[in-house]
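Beneath this line is the structure, given in structure tokens, with notes to follow.
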Amino acid sequence: MTFRKVTAPGALCLAAGVIVAVSAPQAWDVSTAGRTAVLDALSPTALAAHVGYLASDELQGRATPSAGLDLAAKYIAGEFKKAGLKPVAGESYFQQATFTSRDGTEYHASNVIGILEGSDAKLKDTFILLSAHYDHLGNNPRIEGDSIYNGANDNASGTAGVIQLAHALSKAKPRRSIVFIGFCGEERGLLGSRYYGRNPVVPLKQTICQINLEQIGRFDEVGAPQPVKGSMTGFDFSDVGPLFSKAAQAVGTDIQKHPQNSDAFFSRSDNQSLADLGIPAHTICGAYVFPDYHRPSDHADKLDYKTMATLLKGIAVGVLTIADSDRAPQWNADNPKAAKYLAAWRALHGN
Ligand SMILES: [Zn+2]
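Just add 1195 to the spot in the sequence shown (first one is 1) and you have the numbering used here.
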């Protein structure tokens, strides 16, 4: 997540309100039936291997831009290829972007994108974005001793989740298409996801939601109530939060609203870029602020891969529920905090 300061909500809403969608569609059909192969692919061992590489000293903290970031991009693209995802630029999985730094110099970095095509003749032209930022804070040589910000939980964990979900969900033949994305430049202010919003690889109007993964490997929240197992930002801004809660419960875990952090952190990750364009978009995480947050000590051996794998199984069930349903997620018209996003959704869809 980013350094950006956010305004804390003025009052905490501890009582859950009744969630009413814009219209009343059929209920979400949350089920694990027939999904054993998908869930089995989300193993702690596979996740630990991805995080182990992405958060290794060899990648030097994956700053945007850097040689280490490029190595990470290459690794993600290789995994997308192995998972059978369709590349987005000819044979390439790289969406190359040019950014300008404050002193006016230009630099380049890539989002990494692959598509799992849907199996339904009509619904395959609608898209779910499944994303995580793969950059982090780099190496600060002014620090004595360990100067590499390995960013194991932030956000090698989310990146590993997206990679392993690509392998897992490709076994499921979902009806809608799923776009898997590794964003660059998040730590410099959501650069990669803002760039994607300006240059989407599939039409925004046909993009029905974004599920973004951040810090999904640790559950030791600092200075606030613990999330029980997992949490979602803007939990009741749309009908996606309650759906993922049910999906997580179906595999023996939970995704909940964190009383202090769910709303406050909505703007602090790459879901914000797509939400601003009207697309129901949320970030799923474990702890929001953990003891090694934005420190060189955010190391791979501190992650809880078993709990992370179970959380990912819940996320897989949630994504497949949306992917196989005729129903699309909707902003919650009764939540004033979602009003501007609902207005953006209406502008995008011309109603
Ligand atoms: Zn992050």
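We put the CB at the ideal spot given by N, CA and C, even for glycine.
Whole-angstrom distance between residue j and residue i, CA atom to CA atom
{"i": "Met1503", "j": "Gly1285", "result": "34 angstroms"}
{"i": "Leu1324", "j": "Pro1454", "result": "26 angstroms"}
{"i": "Pro1437", "j": "Asn1466", "result": "17 angstroms"}
{"i": "Leu1237", "j": "Ser1388", "result": "25 angstroms"}
{"i": "Thr1321", "j": "Ile1450", "result": "25 angstroms"}
{"i": "Asp1499", "j": "Ser1251", "result": "17 angstroms"}
{"i": "Leu1386", "j": "Leu1332", "result": "14 angstroms"}
{"i": "Leu1264", "j": "Gly1247", "result": "15 angstroms"}
{"i": "Lys1366", "j": "Gly1513", "result": "15 angstroms"}
{"i": "Pro1475", "j": "Phe1430", "result": "11 angstroms"}
{"i": "Tyr1329", "j": "Arg1257", "result": "8 angstroms"}
{"i": "Lys1532", "j": "Lys1497", "result": "35 angstroms"}
{"i": "Asp1471", "j": "Gln1444", "result": "30 angstroms"}
{"i": "Asp1529", "j": "Ala1539", "result": "16 angstroms"}
{"i": "Thr1428", "j": "Phe1460", "result": "6 angstroms"}
{"i": "Ser1352", "j": "Cys1480", "result": "10 angstroms"}
{"i": "Phe1485", "j": "Gln1410", "result": "9 angstroms"}
{"i": "Arg1490", "j": "Asn1546", "result": "46 angstroms"}
{"i": "Arg1297", "j": "Gly1340", "result": "29 angstroms"}
{"i": "Ala1228", "j": "Arg1370", "result": "16 angstroms"}
{"i": "Ala1523", "j": "Lys1400", "result": "12 angstroms"}
{"i": "Pro1282", "j": "Ser1457", "result": "33 angstroms"}
{"i": "Val1213", "j": "Trp1223", "result": "Here the model assigns Val1213 a pLDDT of 40, short of 50, so the residue's position is not dependable, and the following value carries that caveat. Straight-line Cα distance between these residues: approximately 17 angstroms."}
{"i": "Tyr1270", "j": "Val1397", "result": "23 angstroms"}
{"i": "Tyr1391", "j": "Tyr1288", "result": "14 angstroms"}
Sub-7 angstroms separation of residue i and residue j beta-carbons
{"i": "Asp1452", "j": "Val1225", "result": "Residue identity check: residue 1452 is Lys in the sequence provided, not Asp. Not a contact, by the Cβ cut-off of 7 angstroms."}
{"i": "Leu1249", "j": "Thr1354", "result": "yes"}
{"i": "Gln1359", "j": "Leu1506", "result": "no"}
{"i": "Ser1314", "j": "Gln1291", "result": "no"}
{"i": "Val1307", "j": "Ala1268", "result": "yes"}
{"i": "Val1435", "j": "Gly1509", "result": "no"}
{"i": "Gln1255", "j": "Ile1343", "result": "yes"}
{"i": "Ala1482", "j": "Phe1414", "result": "yes"}
{"i": "Ser1426", "j": "Asn1527", "result": "no"}
{"i": "Pro1239", "j": "Lys1501", "result": "yes"}
{"i": "Thr1259", "j": "Cys1379", "result": "yes"}
Buried/exposed call for residue i, threshold 16 Cβ in 10 Å
{"i": "Glu1381", "result": "buried"}
{"i": "Val1417", "result": "exposed"}
{"i": "Ala1542", "result": "exposed"}
{"i": "Ala1495", "result": "buried"}
{"i": "Pro1420", "result": "exposed"}
{"i": "Ser1492", "result": "exposed"}
{"i": "Thr1478", "result": "buried"}
{"i": "Asn1335", "result": "exposed"}
{"i": "Glu1301", "result": "exposed"}
{"i": "Ser1261", "result": "buried"}
{"i": "Ile1338", "result": "exposed"}
{"i": "Ser1462", "result": "buried"}
{"i": "Gln1221", "result": "exposed"}
{"i": "Pro1395", "result": "buried"}
{"i": "Gly1412", "result": "buried"}
{"i": "Ala1316", "result": "exposed"}
{"i": "Gly1299", "result": "exposed"}
Reference residue i, options the options, closest by Cα
{"i": "Leu1318", "options": "Ala1272, Ala1351, Lys1368", "result": "Lys1368"}
{"i": "Ser1520", "options": "Thr1428, Lys1501, Ser1464, Ser1372", "result": "Ser1372"}
{"i": "Leu1469", "options": "Ala1482, Ala1351, Ala1327, Leu1364", "result": "Ala1327"}
{"i": "Gly1309", "options": "Gly1273, Leu1280, Thr1197, Thr1516", "result": "Leu1280"}
{"i": "Glu1274", "options": "Phe1294, Thr1293, Ala1244, Glu1253", "result": "Ala1244"}
{"i": "His1544", "options": "Ser1426, Gly1473, Phe1378, Val1397", "result": "Gly1473"}
{"i": "Phe1294", "options": "Lys1424, Ser1457, Gly1384, Ser1426", "result": "Gly1384"}
{"i": "Gln1525", "options": "Lys1501, Leu1408, Cys1404", "result": "Cys1404"}
{"i": "Ser1464", "options": "Asn1350, Asp1235, Ile1517", "result": "Asn1350"}
{"i": "Ala1511", "options": "Thr1197, Asn1407, Ala1534", "result": "Asn1407"}
{"i": "Glu1312", "options": "Ser1287, Phe1289, His1303, Ala1278", "result": "Ala1278"}
{"i": "Lys1424", "options": "Thr1448, Phe1432, His1303", "result": "Thr1448"}
{"i": "Thr1231", "options": "Leu1364, Leu1399, Gly1299", "result": "Leu1364"}
{"i": "Ile1517", "options": "Phe1439, Tyr1270, Leu1537", "result": "Phe1439"}
{"i": "Tyr1488", "options": "Asn1345, Gly1392, Glu1253, Tyr1390", "result": "Asn1345"}
{"i": "Lys1276", "options": "Glu1253, Arg1393, His1362", "result": "His1362"}
* Asked: Which residue spans inside the segment 1300-1367 form an unbroken beta strand (DSSP E) run of at least 3?
  -> 1301-1311, 1322-1328
* At 3 residues or longer, and completely inside the segment 1373-1432: list those beta strand (DSSP E) runs for me, N to C. => 1402-1408, 1425-1427
* Asked: Along the chain, which unbroken stretches of the beta strand (DSSP E) at least 3 residues long are found entirely within the segment 1473-1531?
  -> 1476-1480
* Residue ranges of each alpha helix (DSSP H) within the segment 1226-1256, 4 or longer -> 1231-1235, 1239-1249
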